[in-house]
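Chains as they are written, first to last, in UniProt numbering: chain A, 1 to 214; chain B, 1 to 214; chain C, 1 to 214; chain D, 1 to 214.
Protein chains: 4
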Amino acid sequence: MFVLVNLKAYPCDPVAVAEAAATVADDTGTRVAVAPQAAHLSAVAATGVETWAQHVSGVDHGSHTGSTLASAVADAGAVGTLLNHSERRLRLAAIDAGLRAAEDAGLETVVCANNPPQVGAVTALGPDMVAVEPPELIGTGTPVSQADPDVVEEAVAAAGRVDDDVPVLCGAGISTGDDLAAARDLGSEGVLLASGVAKADDPEAALRDLVSGI
Amino acid sequence: MFVLVNLKAYPCDPVAVAEAAATVADDTGTRVAVAPQAAHLSAVAATGVETWAQHVSGVDHGSHTGSTLASAVADAGAVGTLLNHSERRLRLAAIDAGLRAAEDAGLETVVCANNPPQVGAVTALGPDMVAVEPPELIGTGTPVSQADPDVVEEAVAAAGRVDDDVPVLCGAGISTGDDLAAARDLGSEGVLLASGVAKADDPEAALRDLVSGI
Amino acid sequence: MFVLVNLKAYPCDPVAVAEAAATVADDTGTRVAVAPQAAHLSAVAATGVETWAQHVSGVDHGSHTGSTLASAVADAGAVGTLLNHSERRLRLAAIDAGLRAAEDAGLETVVCANNPPQVGAVTALGPDMVAVEPPELIGTGTPVSQADPDVVEEAVAAAGRVDDDVPVLCGAGISTGDDLAAARDLGSEGVLLASGVAKADDPEAALRDLVSGI
Amino acid sequence: MFVLVNLKAYPCDPVAVAEAAATVADDTGTRVAVAPQAAHLSAVAATGVETWAQHVSGVDHGSHTGSTLASAVADAGAVGTLLNHSERRLRLAAIDAGLRAAEDAGLETVVCANNPPQVGAVTALGPDMVAVEPPELIGTGTPVSQADPDVVEEAVAAAGRVDDDVPVLCGAGISTGDDLAAARDLGSEGVLLASGVAKADDPEAALRDLVSGI
Numbered sequence: 001m002f003v004l005v006n007l008k009a010y011p012c013d014p015v016a017v018a019e020a021a022a023t024v025a026d027d028t029g030t031r032v033a034v035a036p037q038a039a040h041l042s043a044v045a046a047t048g049v050e051t052w053a054q055h056v057s058g059v060d061h062g063s064h065t066g067s068t069l070a071s072a073v074a075d076a077g078a079v080g081t082l083l084n085h086s087e088r089r090l091r092l093a094a095i096d097a098g099l100r101a102a103e104d105a106g107l108e109t110v111v112c113a114n115n116p117p118q119v120g121a122v123t124a125l126g127p128d129m130v131a132v133e134p135p136e137l138i139g140t141g142t143p144v145s146q147a148d149p150d151v152v153e154e155a156v157a158a159a160g161r162v163d164d165d166v167p168v169l170c171g172a173g174i175s176t177g178d179d180l181a182a183a184r185d186l187g188s189e190g191v192l193l194a195s196g197v198a199k200a201d202d203p204e205a206a207l208r209d210l211v212s213g214i
Numbered sequence: 001m002f003v004l005v006n007l008k009a010y011p012c013d014p015v016a017v018a019e020a021a022a023t024v025a026d027d028t029g030t031r032v033a034v035a036p037q038a039a040h041l042s043a044v045a046a047t048g049v050e051t052w053a054q055h056v057s058g059v060d061h062g063s064h065t066g067s068t069l070a071s072a073v074a075d076a077g078a079v080g081t082l083l084n085h086s087e088r089r090l091r092l093a094a095i096d097a098g099l100r101a102a103e104d105a106g107l108e109t110v111v112c113a114n115n116p117p118q119v120g121a122v123t124a125l126g127p128d129m130v131a132v133e134p135p136e137l138i139g140t141g142t143p144v145s146q147a148d149p150d151v152v153e154e155a156v157a158a159a160g161r162v163d164d165d166v167p168v169l170c171g172a173g174i175s176t177g178d179d180l181a182a183a184r185d186l187g188s189e190g191v192l193l194a195s196g197v198a199k200a201d202d203p204e205a206a207l208r209d210l211v212s213g214i
Numbered sequence: 001m002f003v004l005v006n007l008k009a010y011p012c013d014p015v016a017v018a019e020a021a022a023t024v025a026d027d028t029g030t031r032v033a034v035a036p037q038a039a040h041l042s043a044v045a046a047t048g049v050e051t052w053a054q055h056v057s058g059v060d061h062g063s064h065t066g067s068t069l070a071s072a073v074a075d076a077g078a079v080g081t082l083l084n085h086s087e088r089r090l091r092l093a094a095i096d097a098g099l100r101a102a103e104d105a106g107l108e109t110v111v112c113a114n115n116p117p118q119v120g121a122v123t124a125l126g127p128d129m130v131a132v133e134p135p136e137l138i139g140t141g142t143p144v145s146q147a148d149p150d151v152v153e154e155a156v157a158a159a160g161r162v163d164d165d166v167p168v169l170c171g172a173g174i175s176t177g178d179d180l181a182a183a184r185d186l187g188s189e190g191v192l193l194a195s196g197v198a199k200a201d202d203p204e205a206a207l208r209d210l211v212s213g214i
Numbered sequence: 001m002f003v004l005v006n007l008k009a010y011p012c013d014p015v016a017v018a019e020a021a022a023t024v025a026d027d028t029g030t031r032v033a034v035a036p037q038a039a040h041l042s043a044v045a046a047t048g049v050e051t052w053a054q055h056v057s058g059v060d061h062g063s064h065t066g067s068t069l070a071s072a073v074a075d076a077g078a079v080g081t082l083l084n085h086s087e088r089r090l091r092l093a094a095i096d097a098g099l100r101a102a103e104d105a106g107l108e109t110v111v112c113a114n115n116p117p118q119v120g121a122v123t124a125l126g127p128d129m130v131a132v133e134p135p136e137l138i139g140t141g142t143p144v145s146q147a148d149p150d151v152v153e154e155a156v157a158a159a160g161r162v163d164d165d166v167p168v169l170c171g172a173g174i175s176t177g178d179d180l181a182a183a184r185d186l187g188s189e190g191v192l193l194a195s196g197v198a199k200a201d202d203p204e205a206a207l208r209d210l211v212s213g214i
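What follows is the structure in structure tokens.
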């Protein structure tokens, strides 16, 4: 199971969460990555944790003021990137371009989608992984694996019909080891989580509980 | 073969083009539709031609000032809509929502895409038809079927891998009967065209030449 | 006082509201206009009511699939357009371009803004009128003139500091004659309203009550 | 004169340009700042140069995956930010929100605009500085101060009519000391430049030539 902690724009200390994640990853052998804002990438990567970007632009070098290029996040230490998170939905052509840019920069990719048909769609673009996150469950604390287990199974099926080599992650409301175990049992090969760790009083304890479900 | 004439925002007389299209459709038995701007839909539909929208929003009734709802274009006489044209690229979630809204309003759908992977992606969302239009060839007068025949065949293959019941149209640079015949021979079941008819001195003659390729 | 009824994407019958507005305008001598979706403009204009668009694109004729040009809404019978409604916020450059396009097409303009500083900003672009609509009050039924009278007075002052010839309208929660009278007393020269008329059981009665405040 | 070097998404070494800028600023006493991509901010700030962001989002802490918050760029060492660059045009409400967010994070602000009316508009929002950059001259190598001197004088006048305490910078095509001197003589209190330094074989020499115009 791959555990990807999205720090969003939360008022957490990104370095503290990164250090907690690095410790839990080392202690348990679980793959845990942390995705901070672009401006925090260098500081997070310096902790040694696997570092991901939350988004990259699909453009190449050039006159693109205010963009975050795949090559720049790689310079800052990122080894992967989310694309099309429900809080940063992209045009279809931009998902495609972002995947090409990430690939050129050597970044691994997880493309998010809201529902099984959209999971099928993004799988057709050739990402490394896809993730299903029903927007209505994000931030609720109710895990998708419990609130809507069918959506996880259908997402796995939808991806599989297009390309059965693309792992499916799930997210929304995941915070405990039970949630993670339930996600795995539904066919998910990893989880996206955010507030459950980033807003926890003790992020390391929250992560230890989570990975206990593996 | 389905011939869909996109009037874009050209300075043509939409009613004159619609009347020409209606005449050619009646005389030849070819399916020809015309897609004007939303504000011109009623006038175009009044000619009796098959009328399509260029875009619909994916939202439902509500507080959405400045939107064009599927139900509103249906009220105005449209029976179908384009979605995700390269000049109106949409977020993946908006293509999905637009398809649902169009379906609810009884509209037929053509979802456009720039390249074969994107054609595969949009096919997974369940449209009635898909169309491949390489952006770099739009408006060039060089038909996609001649400039880049592989892209048409690959688009047909990409759609077929996801769902082989979804017809593939092609567009970009199509204007003559030869272009249309070439598109058909590459597996396309219709064409999108725009300037070749909308900017022609004699739109009816341009359409007659085009459908002679069938 | 100018009364502009924005039908948004409500599930109302736009022609019935337009007929009610035309009747009240004729009977009372009040200036009342109706702004339907672009696809409904022709049908609304055919009632004889003063017809406005909810939005126009700032682009000129050309390859702009899915756009609504100022010239097209004028073709359909519109004599004015809203720009930058809080449900269709525009880039600053697009407000500027939309104003130029509207002017070229002979359309009158009302540019909306969320707060007094933004009212000052849009006044600098040379619109015919500006409107302040605090987004948090839209659709609440609580009139801005009562919930936040200072915002109306400050908006009038902010516009006046830039150009004191530009009338200021206000909107959000306006529905009764008392609301309209209060808006006028705060310096507003008109009102934007939507649900109070468009969702009323009897739009004509709602409008008669509203204009009684003048 | 304030010299702000925008690195855009150019394939330059941001640290090398930053070191050159720091050296020239120290040697000449000129205020020179460098604005890299968000992911490069920490590395640029570590050189000691005055560091600016190219863009910040107007949102506050929360569920905003893929955003760049003002507080995050400040964490990374930025002391100011551009907003509304013509390559990252913002909705009017987002410029306003970005200014509030920047102010809360202690960042200085330069809001860009395409023409004098837009300069007047953004001045009404209360930025620290404004900048006029005619988009058609960006990247041309033809300085705005020579190609279109009126636009600089009119921008200074437009800002002054709204608030005469807001300094006006200019940009587009600026690269030499003569360009800078001409900009100053037209009323500009600084310059934005990009390719003239970022793409120079010797950025330090390019900057020395530029500041020789002061």
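Ideal Cβ placement from N, Cα and C applies to all residues, glycine included.
Taking DSSP as the reference, what is the three-state secondary structure of residue i?
i: E108 of chain A; result: strand
i: S57 of chain A; result: strand
i: G120 of chain C; result: helix
i: T65 of chain D; result: coil
i: L82 of chain D; result: strand
i: V166 of chain B; result: coil
i: R89 of chain C; result: coil
i: A147 of chain A; result: helix
In or out: residue i buried (at least 16 other Cβ within 10 Å) or exposed?
i: D150 of chain B; result: exposed
i: T140 of chain D; result: exposed
i: P143 of chain C; result: buried
i: R31 of chain C; result: exposed
i: I214 of chain D; result: exposed
i: D209 of chain D; result: buried
i: A198 of chain A; result: buried
i: P116 of chain B; result: buried
i: P14 of chain C; result: buried
i: G29 of chain D; result: exposed
i: D148 of chain B; result: buried
i: A205 of chain A; result: exposed
i: P11 of chain A; result: exposed
Which partner residues does residue i have in the DSSP bridge list?
i: V6 of chain B; result: Rather than Val, the amino acid found at residue 6 of chain B in this sequence is Asn. DSSP output for N6 of chain B lists B:A35 as bridge partner(s).
i: T51 of chain A; result: A:V34
i: G173 of chain A; result: Answer is none; G173 of chain A lacks a bridge partner.
i: G190 of chain B; result: B:F2
i: A158 of chain C; result: A158 of chain C is not bridged to any residue.
i: A206 of chain C; result: Bridge partners of A206 of chain C: none, in fact.
i: A21 of chain C; result: According to DSSP, A21 of chain C bridges with nothing at all.
i: V130 of chain B; result: B:V111, B:V168
With a threshold of 8 Å between beta carbons, is residue i in contact with chain B?
i: V162 of chain A; result: yes
i: G171 of chain C; result: no
Step through the CB atoms of chain C and report whether any lies within less than 8 Å of the CB of residue i.
i: I138 of chain B; result: yes
i: V73 of chain B; result: yes
i: T142 of chain B; result: no
i: A59 of chain B; result: With the sequence shown as reference, residue 59 of chain B is identified as Val, and Ala is not the correct amino acid for it. Output row for V59 of chain B: interface = yes.
Against chain D, does residue i count as a neighbour if the rule is that its beta carbon must be under 8 Å from one of theirs?
i: A43 of chain A; result: yes
i: Q54 of chain A; result: yes
i: residue 216 of chain A; result: No statement about residue 216 of chain A is possible, as the shown extent of chain A runs from 1 to 214 and does not include it.
i: G66 of chain A; result: yes
i: K8 of chain A; result: yes
Contact set between the region 115-134 of chain D and chain C, restricted to residues whose Cβ is under 8 Å from the partner:
Along the region 115-134 of chain D, the positions whose C-beta sits under 8 Å from a C-beta of chain C are N115, P117, Q118, G120, A121, V122, T123, A124, L125, G126, read in chain order.
Check distances from the C-beta atoms of the region 84-113 of chain B to those of chain C and list, in chain order, the residues that come in under 7 Å.
For chain C, the residues of the region 84-113 of chain B that bring a beta carbon within less than 7 Å of one of its beta carbons are H85, E87, R88, in chain order.
Looking at chain D, which residues of the region 29-41 of chain A have a Cβ within less than 9 Å of any of its Cβ atoms?
A35, P36, Q37, A38, A39, H40, L41
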